[in-house]
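Participant: Below: one structure in structure tokens.
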Amino acid sequence: MFSNLWNLLFGPGLEISYSRINAYRTCPQKYRLQYIEGKRVPPNPYISFGISIHKTLEDFHLKKNGDIDDLFESYDTCWVNEGFVSPHQAHEYFEKGRKLLENYWQDNVNLKSEVLYVEKEFSFPVGRNAMRGIIDRIDRHPDGQYEVIDYKTHSELWDQKKADADLQMSIYALACKKAIGIEPGYFSYYFLSHGTKVNTNRTDEQLEDALRTAKDVIEKVRRGVFTPNTGHCPKCDFRKSCPHSAAKRQD
Ligand code: SF4
């Protein structure tokens, strides 16, 4: 108890991010396993597919003025071939990715905006702690407005309500203000599997809310509060190894 209080008052600053906040809000034990004990999330097809597509688009846009063959060459280089249950499953995902990228190419080949940043890292202080993250892409439109883009590779297409309420974009909006020094005119989730963008915006109140949420998670982590949320166990990546798992016997 005393050490928790000491840590809260005088312990070193904490590194926080959207992923860490999301892990804590899903299950505080998940945060502890992943970010304090350093356990790696076991590889799976969704993670490998997501990383492959993100890395491909980063590599491709860094080349500047590439054509579709350059895009596929980036894909071959960036493909993460782990976590699949069989070569057949890996092949299916790989082909799905090629189709997704072909559609991406067609939708972006005549892009009017300039791709200003890809995988843009940021860091800004939250008290004596640091909020860190990476924004997938920031474009500058011909009228000078900036657009923050977050790629999504999952098959779920969010509705407007979900896009408007998502914490991740609020943190990106804070990062633009506090770390990157731009005021975006547009915020977009780009659902690559659908070739659809959902535009959203953020109010000052939402940014204040996001900061409050971050501070609340930081405080609980510093106090060592890691109460398991066993309701999430059936979907958890650590359900086979976590000592608190309520889903071990269901596998
Ligand atoms: S298995 Fe359950 S208790 Fe353990 S980290 Fe995952 S959700 Fe939390």
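Under this note's numbering, residues 10 to 260 are what the sequence shown spells out, in order. In this text, a Cβ means the ideal position worked out from N, Cα and C, and glycines have one as well.
1. Kindly indicate which three-state DSSP category N138 falls into: helix, strand or coil?
2. What three-state label does DSSP hand R231 in the structure shown?
3. Put D260 into one of helix, strand or coil per three-state DSSP.
4. Can you tell me where the alpha helix (DSSP H) with S61 in it begins and where it stops?
5. Exposed or buried, what is D260 when buried is set at 16 or more other beta-carbons lying within 10 Å of its beta-carbon?
6. Ligand 1 heavy atoms versus the CB of H150: any closer than 6 angstroms?
7. What residues are listed by DSSP as bridge partners for S132?
8. Whole angstroms are fine: how far does the CA of A174 sit from the CA of D213?
9. So which of Q154, S164, S197 and C36 has the shortest CA-CA distance to S254?
10. Counting beta carbon pairs with one atom in the region 70–85 and one in the region 23–33, are three or more of them shorter than 8 angstroms?
11. Which residues bound the alpha helix (DSSP H) around D159?
12. So, with DSSP's three-state summary, where would you put I25?
13. Answer yes or no: do T205 and F196 have a C-beta to C-beta separation smaller than 7 angstroms?
14. Who are the near neighbours of N1 in its chain, counting only those whose CB is closer than 6 angstroms to its CB and skipping five residues on each side?
15. Is F247 near ligand 1, in the sense that its beta carbon is under 6 angstroms from a heavy atom of that ligand?
16. Relative to the alpha-carbon of R41, which residue among K249, K244, R231 and A99 has its alpha-carbon at the smallest distance?
Facilitator: If we stick to the structure as given:
1. strand
2. Residue state, collapsed to three classes: helix.
3. Note on D260: pLDDT 48, under 50, position unreliable in the model; the coordinate value appears next. Of the three classes helix, strand and coil, the one that applies to D260 here is coil, per DSSP.
4. P54 to K72
5. Residue placement at D260 is poorly supported in this model, since its pLDDT is 48, which falls under 50; the coordinates are not used for a value here.
6. no
7. R141
8. 13 angstroms
9. C36
10. no
11. Element bounds for D159: not the alpha helix (DSSP H) but the beta strand (DSSP E), Y155 to K161.
12. strand
13. no
14. The question about residue 1 has no answer, for the chain in this structure spans 10 to 260.
15. yes
16. R231
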